[in-house]
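Chains as they are written, first to last, in the working numbering: chain A, 1 to 323; chain B, 1001 to 1323.
C-beta atoms are modelled at their ideal positions from N, C-alpha and C, and glycine is treated no differently.
Inspection log for the structure reproduced underneath, given as structure tokens.
Protein chains: 2
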Amino acid sequence: MTEREFDLIRRLAPFLAQDGDGLIVGHGDDAAVVEVGGRGVCIAVDVLVEGVHFRRDLSSLGDVGWKAVAVNVSDIAAMGAAPTVAVVGLCRPSDVPAADVEALYAGMDEACRRWGLRLVGGDTVAADALALSVTVLGDVDVARAVRRSGASPGERLLVVGTLGGPAAALAQDRKGLQPDELLLALHRRPEAHVEAGGRLAELGATAMIDVSDGLGADLGHVCAASDVSATVHADALPVADGVVAAAIALGRDPLDFVCGGGDDYALLAAVPGDRAQAIAADVGGMVVGEVGQGPPATRLLLADGSTRDLAGLGWDHYRPEPA
Amino acid sequence: MTEREFDLIRRLAPFLAQDGDGLIVGHGDDAAVVEVGGRGVCIAVDVLVEGVHFRRDLSSLGDVGWKAVAVNVSDIAAMGAAPTVAVVGLCRPSDVPAADVEALYAGMDEACRRWGLRLVGGDTVAADALALSVTVLGDVDVARAVRRSGASPGERLLVVGTLGGPAAALAQDRKGLQPDELLLALHRRPEAHVEAGGRLAELGATAMIDVSDGLGADLGHVCAASDVSATVHADALPVADGVVAAAIALGRDPLDFVCGGGDDYALLAAVPGDRAQAIAADVGGMVVGEVGQGPPATRLLLADGSTRDLAGLGWDHYRPEPA
Chain A
1 MTEREFDLIR RLAPFLAQDG DGLIVGHGDD AAVVEVGGRG VCIAVDVLVE
51 GVHFRRDLSS LGDVGWKAVA VNVSDIAAMG AAPTVAVVGL CRPSDVPAAD
101 VEALYAGMDE ACRRWGLRLV GGDTVAADAL ALSVTVLGDV DVARAVRRSG
151 ASPGERLLVV GTLGGPAAAL AQDRKGLQPD ELLLALHRRP EAHVEAGGRL
201 AELGATAMID VSDGLGADLG HVCAASDVSA TVHADALPVA DGVVAAAIAL
251 GRDPLDFVCG GGDDYALLAA VPGDRAQAIA ADVGGMVVGE VGQGPPATRL
301 LLADGSTRDL AGLGWDHYRP EPA
Chain B
1001 MTEREFDLIR RLAPFLAQDG DGLIVGHGDD AAVVEVGGRG VCIAVDVLVE
1051 GVHFRRDLSS LGDVGWKAVA VNVSDIAAMG AAPTVAVVGL CRPSDVPAAD
1101 VEALYAGMDE ACRRWGLRLV GGDTVAADAL ALSVTVLGDV DVARAVRRSG
1151 ASPGERLLVV GTLGGPAAAL AQDRKGLQPD ELLLALHRRP EAHVEAGGRL
1201 AELGATAMID VSDGLGADLG HVCAASDVSA TVHADALPVA DGVVAAAIAL
1251 GRDPLDFVCG GGDDYALLAA VPGDRAQAIA ADVGGMVVGE VGQGPPATRL
1301 LLADGSTRDL AGLGWDHYRP EPA
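In structure tokens, the structure reads:
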């Protein structure tokens, strides 16, 4: 997180509701959770903007619609919740004809069908830039909502999904290469791990987050919220197929993509140490490291026994801004 | 509604959930309603874009934040529901410094305090245009959610709030005049009629909508959804203070602002004819007309006994778009 991002978050904090007073989970987790009739209603919002989060030469508008739903469903999954409904606020430039808006909605519809939620409302307005703000609601047992803050020393870290694919595809593109189709597909249409998220909550995950900013940054969020440190084993990470080959061809360290790339929408969870392997097998995940005593710190342990600081890796959502 | 808007709505309809199957109210009303633990959860989304819905020379960013919450709270009120929480997706251009984002959030916070809801999450992303997509949730007794479609012949029409103020202010501005402060205030910081909406639901309102597109257009939506016609008495309409004087000075018909202006966020409801005056007194509203047999049609009855077609009046959210 940059100094400027931190400053903004500090300025806005007084206006955002924290936990308590009917709010089960306030601002600052993957999704907020409020209680309604004894159930937990999760609320996640994510905005995708053309040129910042997607490009129309790399993604179809169907892909963009899919992704706008998927990234929010991933936040819902990271609470251990099941997505239920979505609404969309769409900023539509004049160069986007009705057929393209239809394609975008068709992509949202595909994603909604994939994860069993329904699109129940939308507001489309004229604007100069193409942007979608999708809000997804989810349903969770109040006692089972998994936050970022529950990890304890002695627990193990587990990842469901793969890492590094989208970052490798975009690195190929930045070098003027045609991105590998397999890697590009992960950028275009990420999977959200809804079933695994719900199962992890059932099986006693103590903390969970979805990997959107990069493993290093998101593990850092868990460590900060839980006041713990964490060690990740480089050789245990679920690297997306093709990432290592792409990195070698680009003369890059694959770990930059795997730990610092972002856009992965894998789930990262802390689970009890004695049941970690069984839980990983159950949800189709990998045990990738351990939780240690605080203060918050994230460490990557390499195969040769050396370590690397994971902090500072991770994608910064902000383009440079003026003072 | 223009031909092009109608075409877009027709194209998107297959992707938007309709009523039934756990959905109490689907797409196409002021807000969707889903059932959670026996309660109705209302969901409304509205996007405000700079240059389309607000201008920074007419509104402060605090005003913009207030309005982004208010217009959604108004949708929730029009279902007879009480607003509970909000989330915001913010597109932030590089010329908006952190202090301005803070002012925008402070305005949202003021509106949230005004109507007893809480801001529980936000996503701020870099973009070329300033836009806010706010989603507000509301709580309603499942049996009491008031739709647009329940009006019947013989009922009376009731308006809570005033009409014409924002349109008159913008008409003054377009003529190069300094808008009246009182009128401009209605554009900058609209009121949402939450208490009246809830009370109307309790007292048996059969149909309700918030007047955002203009009385003519929004009454048309109620008539279309309910398959009824409606007659409104021009001399019964609650015209905002200053509108008539502004219209005369501009050489305009005040009814253009009152019936076709939009941005009013008054509530328009159909109520049983025999209790209409009592209900109006209870909620601080005005009885403005009657519901008649279908087919859908809207008629404005003038003091001299002549009538005018209300259809076609109303603000079109769209700027001209290319083919």
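Would you list the residues sitting across from residue i in a DSSP beta bridge?
i: Gly1020/B; result: Leu1023/B
i: Asp1235/B; result: In the DSSP output, where bridge partners are listed per residue, Asp1235/B has none listed.
i: Ile1209/B; result: Leu1268/B
i: Gly1089/B; result: Asp1123/B and Ser1133/B
i: Ile1248/B; result: DSSP output for Ile1248/B lists no bridge partner at all.
i: Ser306/A; result: Answer is none; Ser306/A lacks a bridge partner.
i: Phe54/A; result: Glu50/A
i: Leu1163/B; result: Val1239/B
i: Gly1262/B; result: Partner(s): none; Gly1262/B has no beta bridge.
i: Ile1043/B; result: Ala1032/B and Leu1137/B
i: Arg299/A; result: Thr231/A and Asp309/A
i: Leu1158/B; result: Ala1269/B and Val1287/B
i: Gly292/A; result: Ser229/A
Confirm, please, whether the CB-CB distance from residue j to residue i is below 8 Å.
i: Met108/A; j: Gly38/A; result: no
i: Gly216/A; j: Ala311/A; result: yes
i: Ala86/A; j: Leu117/A; result: yes
i: Val1034/B; j: Thr84/A; result: yes
i: Val291/A; j: Val228/A; result: yes
i: Arg11/A; j: Glu1102/B; result: yes
i: Leu163/A; j: His187/A; result: no
i: Leu1119/B; j: Phe15/A; result: yes
i: Val334/A; j: Leu130/A; result: No answer is possible for residue 334/A: the residues shown for chain A start at 1 and end at 323.
i: Gly1289/B; j: Asp1213/B; result: no
i: Ile1009/B; j: Ala1044/B; result: no
i: Gly1121/B; j: Ala32/A; result: yes
i: Pro1179/B; j: Asp1173/B; result: yes
i: Asp100/A; j: Leu61/A; result: yes
i: Asp241/A; j: Leu182/A; result: yes
i: Gln264/A; j: Val211/A; result: A small correction: the amino acid at residue 264/A is Asp; Gln does not occupy that position in the sequence shown. Contact flag set, yes.
If distances are taken between C-alpha atoms only, which option among the options comes closest to residue i?
i: Gly46/A; options: Leu158/A, Val136/A and Glu195/A; result: Note that residue 46/A is Asp in the sequence shown, not Gly. Among Leu158/A, Val136/A and Glu195/A, the Cα nearest to that of Asp46/A is on Val136/A.
i: Ala1281/B; options: Gly1150/B, Leu1200/B, Val1033/B and Ala1311/B; result: Leu1200/B
i: Val1036/B; options: Leu1267/B, Gly1138/B and Ala1311/B; result: Gly1138/B
i: Gly251/A; options: Thr231/A, Ala168/A and Ala68/A; result: Ala168/A
i: Asp1235/B; options: Ser1226/B, Val1287/B and Ala1192/B; result: Val1287/B
i: Glu1191/B; options: Gly1122/B, Glu1005/B, Glu1110/B and Leu1255/B; result: Glu1110/B
i: Ala245/A; options: Asp30/A, Gly289/A and Pro254/A; result: Pro254/A
i: Leu1301/B; options: Ala1230/B, Leu1267/B, Gln1277/B and Asp1264/B; result: Ala1230/B
i: Val1041/B; options: Ala1225/B, Ala1081/B and Gly1261/B; result: Ala1081/B
i: Ala1185/B; options: Gly1020/B, Arg1055/B and Asp1063/B; result: Asp1063/B
i: Arg114/A; options: Val239/A, Glu202/A and Lys67/A; result: Lys67/A
i: Ile209/A; options: Phe54/A, Ser74/A and Ile24/A; result: Ser74/A
i: Arg56/A; options: Ala225/A, Leu104/A, Gly285/A and Gly165/A; result: Leu104/A
i: Ala1224/B; options: Asp1180/B, Arg1148/B and Ala1106/B; result: Arg1148/B
i: His1233/B; options: Ala1098/B, Glu1155/B and Thr1307/B; result: Thr1307/B
i: Gly51/A; options: Pro1093/B, Ile1024/B, Gly1026/B and Gly1051/B; result: Pro1093/B
i: Cys1259/B; options: Val1283/B, Arg1299/B, Ala1249/B and Ile1279/B; result: Arg1299/B
i: Ser1226/B; options: Leu1023/B, Gly1028/B, Ala1017/B and Ala1013/B; result: Gly1028/B
i: Val1140/B; options: Ser1059/B, Val1025/B and Phe1054/B; result: Val1025/B
i: Pro295/A; options: Val222/A, Phe54/A, Ser59/A and Cys91/A; result: Val222/A
Pop quiz: residue i and residue j are said to be a contact at Cβ under 8 Å. What is the actual Cβ separation, rounded to whole angstroms?
i: Phe1257/B; j: Ala1269/B; result: 22 Å between Cβ atoms; not a contact.
i: Val160/A; j: Ala1127/B; result: The pair is not a contact, with the Cβ atoms about 31 Å apart (cut-off 8 Å).
i: Ala1151/B; j: Thr1206/B; result: 6 Å
i: Val79/A; j: Val134/A; result: The residue you asked about is not Val; residue 79/A is Met in the sequence shown. That pair is no contact at about 16 Å.
i: Val1071/B; j: Cys1112/B; result: So it is not a contact: roughly 13 Å between Cβ atoms.
i: Pro153/A; j: Gln293/A; result: 5 Å
i: Gly204/A; j: Val271/A; result: 7 Å
i: Glu155/A; j: Gly273/A; result: 6 Å
i: Asp7/A; j: Ala1098/B; result: 6 Å
Any heavy atom of the ligand FMN within a distance shorter than 7 Å of the CB on residue i?
i: Arg55/A; result: The ligand FMN is not part of this structure, which contains no ligands at all.
Can you pull the chain C residues whose beta carbon is under 7 Å from the beta carbon of residue i, in chain order?
i: Val1211/B; result: Protein chains A and B are contained in the structure displayed, whereas chain C is not.
Subject >> Residues in the segment 103-122 of chain A having any Cβ partner in chain B nearer than 9 Å >> reply: Tyr105, Ala106, Met108, Asp109, Cys112, Arg118, Leu119, Val120, Gly121 and Gly122
Check each residue of the segment 64-91 of chain A: if its Cβ is closer than 8 Å to any Cβ of chain B, include it; give the result in chain order. Thr84, Val85, Val87, Val88, Gly89, Leu90 and Cys91
### Task
Name, going along the chain, the residues of the segment 25-45 of chain A whose beta-carbon falls closer than 8 Å to a beta-carbon of chain B.
Gly26, His27, Ala31, Ala32, Val34, Val36, Gly37, Gly38, Arg39, Val41, Ile43, Ala44 and Val45
- Interface residues of the segment 1235-1249 of chain B facing chain A [CB-CB below 7 Å]: none
| Any residues in the segment 1121-1148 of chain B with a beta carbon nearer than 9 Å to a beta carbon of chain A? Which ones, in chain order? | Gly1121, Gly1122, Asp1123, Thr1124, Val1125, Ala1126, Ala1127, Asp1128, Ala1129, Ala1131, Leu1132, Ser1133, Val1134, Thr1135, Leu1137 and Asp1139
Original post:
the segment 1177-1195 of chain B: which residues have C-beta closer than 9 Å to a C-beta of chain A, in chain order?
Top reply: Those would be none; no residue qualifies.
What are the residues of the segment 281-306 of chain A that lie near chain B, defined by any Cβ-Cβ distance shorter than 8 Å?
-> none
message = Beta carbons nearer than 7 Å to chain B: which residues of the segment 11-22 of chain A have them?
response = Arg11, Leu12, Phe15, Leu16 and Ala17
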